[in-house]
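K.L.:
Residue numbers for the sequence shown follow our numbering, beginning at 40 and rising by one.
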Amino acid sequence: MSSASDVDVNGDTLMRIGELSLASGVSPRSLRYYGEQGLLHSERNAVGHRRYRRDTIERVELIQALFSAGLSSITIAELLPCIEGPVEARSATLFRRLRDERRRVDDRVRELQRVGDRLDGIIESLRPTSSR
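1) Could you say if the stretch 126 to 136 and the stretch 150 to 164 meet the contact criterion of at least three C-beta pairs nearer than 8 Å?
2) Measuring CB to CB, does Asn84 end up less than 7 Å from Arg93?
3) Would you be able to state if there are at least three C-beta pairs under 8 Å between the stretch 139 to 147 and the stretch 99 to 112?
4) In whole angstroms, what separates the C-alpha of Asp156 from that of Ser81?
5) What would DSSP say about Arg166, mapped onto helix, strand or coil?
6) Please confirm whether Val99 and Val154 have their CB atoms less than 7 Å apart.
7) Closer than 7 Å by C-beta to Thr95: which residues in its own chain qualify, once you throw out the five before and the five after it? Chain order, please.
8) In or out: Ile102 buried (at least 16 other Cβ within 10 Å) or exposed?
9) Whole-angstrom Cβ separation of Arg136 and Leu118, contact assumed at under 8 Å?
10) So the candidates are Ser63, Asp139, Gly57; which of them puts its Cα closest to the Cα of Glu97?
11) Can you give me the Cβ contacts of Gly77 inside the same chain, cut-off strictly under 6 Å, excluding the 5 residues immediately before and after it?
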């Protein structure tokens, strides 16, 4: 049941942290961390509990994708305005930063492929002769 504290100034229903956690698949602890890092914004009700707008789910999914790509919270905080903001906020500097991060991810993928190839060689060398 919603109370007055669960509605923002536009009359939109706000979610509690547990509801956002269920909707996004991200733990409340991670959501709090995102808030501490300035990646996620919440409103507070009269007793100080966090309340989130429904569109926060999409932002959490984007943050998760960027973390999964290996970006740090500092880099994500710098890139979010470029990704989500108006065209005017998409500066050449942020564009280059995102492109550089993509190159870094590509380098990491190539390195992981090399590691996988080495492991394949080790596995093959250790295979019992009756299995060869």
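Ideal Cβ positions, reconstructed from N, Cα and C, are used throughout, including at glycine.
P.N.:
Reading off the structure:
1) no
2) Numbered from 1 along the sequence shown, position 45 holds the residue referred to as residue 84. Numbered from 1 along the sequence shown, position 54 holds the residue referred to as residue 93. Result no, Cβ atoms of Asn84 and Arg93 do not sit closer than 7 Å.
3) yes
4) Position 117 of the sequence shown, counting from 1, holds the residue named residue 156. Position 42 of the sequence shown, counting from 1, holds the residue named residue 81. Their backbone Cα atoms lie some 45 Å apart in a straight line.
5) Position 127 of the sequence shown, counted from the first residue, corresponds to residue 166. In this structure, Arg166 counts as coil in the three-state DSSP scheme.
6) Taking the sequence shown and counting its residues from 1, one reaches residue 99 at position 60. Taking the sequence shown and counting its residues from 1, one reaches residue 154 at position 115. No. Outside cutoff.
7) Within the sequence shown, residue 95 is the residue found at index 56, counting from 1. Excluding residues within five positions, the ones whose Cβ falls inside 7 Å are Leu59, Leu79.
8) Mapped onto the sequence shown, residue 102 falls at position 63. Looking at its Cβ environment, which holds 16 or more other Cβ atoms inside 10 Å, Ile102 is buried.
9) As a working mapping, residue 136 is identified with position 97 in the sequence shown. As a working mapping, residue 118 is identified with position 79 in the sequence shown. Contact flag correct, Cβ pair sits at about 7 Å.
10) Position 58 of the sequence shown, counting from 1, holds the residue named residue 97. Taking only the C-alpha atoms, the option nearest Glu97 is Ser63.
11) Along the sequence shown, read from residue 1 onward, the residue named residue 77 stands at position 38. If we look at Gly77 and ignore the five residues flanking it on each side, its Cβ neighbours are Ala116.
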